[in-house]
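Those protein sequences? They're chains A and B, same order as listed.
Just so it is clear: in the first sequence, position 14 is 1457 by this note's numbering, and no numbers are missing.
Just so it is clear: in the second sequence, position 129 is 274 by this note's numbering, and no numbers are missing.
Since the structure comes first, as structure tokens, the remarks are kept for the end.
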Amino acid sequence: MSAHEVVTRRPPPSWDAPFRTERSPLLWLFEREVVRFLTIWKYSIVGPVLSTVLFVIVFGTALGRHVANIDGVSYGRYIVPGLLAQAMVNVGFFNGTTTIFEARRDRYIDDIFSSPLRWWEINVALVGAGMVRGAVVGAGALACAIPLTGAGIARPLIVVIGTLGVLVVASQVGVIAGSLAKSLDHVYSMESIILLPLGFLGGVFYSVNQLPRPWSVLSRFDPVFWLVQAERNGFLGHGDVSAGWALLAVWGIATALSVWSASIFASGRLKP
Amino acid sequence: MAEPPALSISGLSKTYADGFVAVSGLDLEIPDGAFFGLLGPNGAGKTTLIGSVCNIVRPTTGTLKVFGHDYRSREARRLIGLAEQEINVDRFLSIRQMLIYHAGYHGIGRRAASRRADEMLELFGLEHKATSRAYELSGGMQRRLVLARAFAHRPRLLILDEPTAGVDVELRAEIWRLVKDLNAGGTTIFLTTHYLEEAEALCDEIALLRAGRIVERGSSIALRHRHTARDISEVYRRVITAGVAGH
């Protein structure tokens, strides 16, 4: 029997049968999102790992020899947690913005909206995949940074809770930005005008306590500062603020962004 | 329980953010098993109507039911297949992967999704391109892919928005043969096309849409009789073109 006969002779499904799944549509979309960034692994994984490792080599290893220890830690080790946070933020942001923006621009998001996927499943799948990409890049960069700087993990539980929070924040920022972007120019300008300055001014390369007032106080209004502090407390065992405050701030930001992101999907604002 | 219509729309209106009224107070019912054609000029509201039914466009007002289910429910979504006018395909996936993931979004398991994808590739003559990306295909093949995806989860209501736009005569004939066979097998077809003679030959009922409202509806014979016209093109000219001119 030909495919034509197989397909055309098969009766259509019953109109009153309840919707049942053999495999969750959420899992399918999550898998598709992971496959998406894996198909472009040189750009999505290797590039960010390499640029983070270059920062570690140039700033931490080469220039770091001429910089005094900070809080009793060599400069190379000191900047690793911040660089990891920055890498995860950049990767999460680009994952969310590009996947949503391209799906909207090329209109294959219609295939998802017209399917039985619910709004929160779409949201969770997109954010989850961004977190996986951030975690892979973070782990890759850390694996290279450890032998280069001798970095270690002082408080593993803080690292786990803090990193999860950082990944949620990064991925949600990307999803929100991708949802709001009207053009590719918006996507790239958000990265260079907002994300990059916040990263550099967030204490990745220095302790904000070294700054004179009011800069040391103003730095605390930078969300990236709290992401860096969560990682630094976990990896070094101390930071500019206590681990408790850092985790509270990171998860507070993560919750606020998740509510914002969910409201965009729930209200159908992605549809005309 | 009596079988509900495939599609039931009541009081549908859509006003876009820029104030453009695409659809205005539209009522429409399509019985299960019908081959229904919607004709109208560009900008008449066909794509907005289809987008509303398919949960792609947010209607401003109105009630839409698909086989008695609210159009946003998973039951309704599962019963609809959509082939849009534009070639809107996922350029990160191979075409086989695209069909598998599409079936997956409808809750189908991995093995069944792979089987359906292979069936669709064979049915639409795309087996030899299974590992290609959509942008590597010719225009006609991309059109076939969009149709294959629309039917991969085996919908009960198949919505085809200009399915033969830009395809050659041979492929058009192939597409119509398949769609007719699907309809004969029980799938309801909701079609928009600019090929009036084909709509006349294929559809058991035709509606004419102008400025977001259905202005005429009936079988092609009834429409021709009502307007004392030779064919549906003449009906179209009298109802749509004259209507636009007199607007």
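In this text, a Cβ means the ideal position worked out from N, Cα and C, and glycines have one as well.
Being a predicted model, the structure only gives us computed values, none of them experimental.
Start-to-end residues for the alpha helix (DSSP H) that takes in residue 325(B): 314-329
Residues bridged to residue 215(B) (per DSSP): Residue pairing from DSSP places residue 215(B) in a beta bridge opposite 210(B).
Give the DSSP bridge partners of residue 228(B), in chain order. 305(B)
Leaving out five residues before and five after residue 1519(A) in sequence, what residues of the same chain have Cβ atoms less than 6 Å from its Cβ? 1503, 1504, 1507 and 1592
Return the CA-CA distance between residue 1460(A) and residue 325(B), expressed in angstroms with no decimal places. 25 Å
Any C-beta of chain B within less than 8 Å: which residues of the region 1555-1575 of chain A qualify? 1555, 1556, 1557, 1558, 1559, 1560 and 1561
For a contact defined as C-beta to C-beta under 8 Å, what are the partners of residue 1453(A) on chain B? Residues of chain B passing the Cβ test: 299 and 330.
Residues in the region 231-244 of chain B with C-beta within 8 Å of chain A's C-beta atoms, listed in sequence order? Taking 8 Å as the Cβ-Cβ cut-off against chain A, the residues of the region 231-244 of chain B that qualify are 231, 233, 234, 235, 236, 237, 238 and 242.
Specify, as a first and last residue, the run of the alpha helix (DSSP H) that residue 1480(A) falls within. The continuous alpha helix (DSSP H) containing residue 1480(A) extends over residues 1468-1482.
Which chain A residues are close to residue 257(B), counting only those with a beta carbon under 7 Å from its beta carbon? 1465
Near-chain A residues of the region 341-367 of chain B - C-beta to any C-beta below 9 Å: Residues are counted here when their Cβ sits less than 9 Å from a Cβ of chain A; for the region 341-367 of chain B the count is zero.
Residue 191(B) lies in the beta strand (DSSP E); which residues open and close that run? That residue, residue 191(B), is in no beta strand (DSSP E); its alpha helix (DSSP H) goes 191-198.
Starting from residue 1417(A) and walking both ways along the beta strand (DSSP E), at which residues does that stretch end? Nothing about residue 1417(A) can be reported from this structure: the residues present for chain A run from 1444 to 1715 only.
Quick check on residue 1698(A): does DSSP put it in helix, strand or coil? helix
Range of the contiguous beta strand (DSSP E) that encloses residue 172(B): 166-175
Since residue 1632(A) sits in a beta bridge, which residues does DSSP pair it with? Beta-bridge pairing links residue 1632(A) to no other residue.
Roughly how many whole angstroms lie between the Cα atoms of residue 353(B) and residue 204(B)? 20 Å
Do the region 1641-1648 of chain A and the region 1559-1571 of chain A touch if we need at least three Cβ pairs shorter than 8 Å? no
From which residue to which residue does the alpha helix (DSSP H) around residue 266(B) run? 255-268
Could you give the DSSP three-state label for residue 333(B): helix, strand or coil? strand
Supposed close pair residue 1544(A), residue 1621(A) - CB separation, criterion 8 Å: With a beta-carbon spacing of about 5 Å, residue 1544(A) and residue 1621(A) fall inside the 8 Å limit used to define contacts.
8 Å Cβ cutoff, residue 1645(A) in contact with chain B: Chain B contact via Cβ: absent.
Output needed in chain order: residues of the region 306-322 of chain B with a Cβ under 9 Å from some Cβ in chain A. 322
Do residue 327(B) and residue 285(B) come within 8 Å of each other at the CB atom, strictly closer than that value? Contact check for residue 285(B) against residue 327(B) fails: the beta carbons are separated by 8 Å or more.
Euclidean distance between Cα positions of residue 1626(A) and residue 291(B): 25 Å
Distance check for residue 302(B) and residue 294(B), CA to CA, integer angstroms please. When rounded, the distance between both Cα atoms is 14 Å.
On the DSSP letters alone, give me the boundaries of the beta strand (DSSP E) that residue 1659(A) sits inside. Note, residue 1659(A): premise wrong, no beta strand (DSSP E); alpha helix (DSSP H) at 1658-1661.
Touching or not, the region 1699-1711 of chain A and the region 182-192 of chain B, by the rule of three or more beta carbon pairs under 8 Å? Because the criterion of three Cβ pairs below 8 Å is not met, the region 1699-1711 of chain A and the region 182-192 of chain B do not touch.
As assigned by DSSP and simplified to three states, the class of residue 148(B): coil
What does the Cβ neighbour count give for residue 386(B), buried or exposed, with the cut at 16 atoms within 10 Å? With a 10 Å radius around the Cβ and a threshold of 16 neighbouring Cβ atoms, residue 386(B) comes out exposed.
Alpha helix (DSSP H) containing residue 1638(A): first to last residue? Counting along the chain, residue 1638(A) falls outside any alpha helix (DSSP H), and DSSP gives it neither H nor E.
Quick one: Cα of residue 1527(A) to Cα of residue 1660(A), how far? 23 Å
Under 8 Å, do residue 350(B) and residue 147(B) count as touching if we go by C-beta distance? no
Please list, in chain order, the chain A residues whose beta carbon lies closer than 8 Å to that of residue 250(B). 1468, 1471, 1472, 1554, 1555, 1558, 1559 and 1560
Closest residue to residue 271(B) among 280(B), 232(B), 256(B) and 287(B) (Cα-Cα distance): Ranking the options by Cα distance to residue 271(B), first place goes to 287(B).
Residue 341(B) versus 379(B), 312(B) and 357(B), residue with shortest Cα-Cα distance: 379(B)
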